[in-house]
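Here the structure comes first, spelled out in structure tokens, and everything after it is commentary.
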Amino acid sequence: MTDAPKSSFVYVTYIRTTAEKLWSALASADFAQKYWLGARPDAEWKVGGAWKLVLPDGRVADTGEIVEFDPGKRLAIRWRNEFRPELKEEGWSLCVMEIEPAAGETVKLTVTHSIEREGSKLIGAVSGGWPQILSNLKSLLETGSVILPPKKF
9 MTDAPKSSFV YVTYIRTTAE KLWSALASAD FAQKYWLGAR PDAEWKVGGA WKLVLPDGRV
69 ADTGEIVEFD PGKRLAIRWR NEFRPELKEE GWSLCVMEIE PAAGETVKLT VTHSIEREGS
129 KLIGAVSGGW PQILSNLKSL LETGSVILPP KKF
């Protein structure tokens with residue numbers, strides 16, 4: 009038996025905060041809009057809940073479903089791009105965010121975004137976006153301000 013072809017992007021960062029504050033930052037649409045470069049994630053924060061990423065002009069960039077919801081530890085979203093046809097045709101991906109305690113008041117955040125497709129254009133796209141979003145998240149939690157301004161989509 010062989011594994012299906014897969015593309016994935018993994019990003020690990022350490023943030024001086026608590027697991028509770030990080031979880032709140034991930035699951036609060038108002039707070040998330042500050043670090044998501046102007047986009048706003050809206051969701052029913054529970055397993056089976058709908059999830060979407062809304063651009064500042066109201067267009068829906070991505071849609072999905074919450075498939076795992078373990079506050080302070082793990083969030084997984086079944087995710088599909090909606091506004092770029094070449095990405096949408098690749099179908100559903102999975103984004104998993106894992107929070108682990110680290111030294112002192114520091115937590116480790118690991119974001120793994122994957123799709124069952126080799127050479128995925130979606131994974132190529134998110135591998136450019138996640139570092140910006142997560143750098144903003146880290147800066148916002150640690151200093152109170154983001155380092156990158158909202159994007160023009």
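Just so you know, we're using our numbering here: the sequence shown kicks off at 9 and counts up by one. No residue lacks a Cβ here, since even glycine has one placed at the ideal position from N, Cα and C.
(message) I need the straight-line Cα distance from Phe39 to Thr118, nearest angstrom please.
(response) Roughly 19 Å separates the two Cα atoms.
(request) With DSSP collapsed to three states, give me the class of Gly57. (result) coil
(request) Can you tell me which of the three DSSP states Phe161 falls into? (result) coil
(message) Could you tell me the alpha carbon to alpha carbon distance between Phe77 and Trp59, rounded to whole angstroms?
(response) 12 Å
(message) Closer than 7 Å to a non-hydrogen atom of the ligand FMN - does that hold for the CB of Phe77?
(response) The ligand FMN is not part of the structure shown, which contains no ligands of any sort.
(request) Would you check if there are 3 or more beta carbon pairs closer than 8 Å linking the region 34-51 to the region 59-70? (result) yes
(message) I'd like to know if the region 128-147 and the region 104-112 are in contact, where contact means that at least 3 CB-CB pairs between them fall below 8 Å.
(response) no
(message) Considering Cα atoms alone, identify which of Ser153, Pro139, Val20 and Leu130 is closest to Ser101.
(response) Leu130
(message) Looking at the secondary structure, which residues open and close the beta strand (DSSP E) in which Lys116 lies?
(response) Val115 to Ile123
(request) Along the alpha helix (DSSP H) that carries Leu95, what are the first and last residues, could you check? (result) Pro93 to Lys96
(message) Checking 8 Å against the spacing of the C-beta atoms, do Leu30 and Ile23 come in under that value?
(response) yes
(message) Give me, in chain order, the residues of the same chain whose beta-carbon lies closer than 8 Å to that of Pro158; leave out the 5 immediate sequence neighbours on both sides.
(response) Leu45, Gly46 and Pro64
(request) Report yes or no: is there a C-beta of chain B within less than 8 Å of the C-beta of Trp53? (result) The chain labelled as chain B is not found in the depicted structure, where only one protein chain is given.
(message) Looking at the secondary structure, which residues open and close the beta strand (DSSP E) in which Ser15 lies?
(response) Ser15 to Ile23
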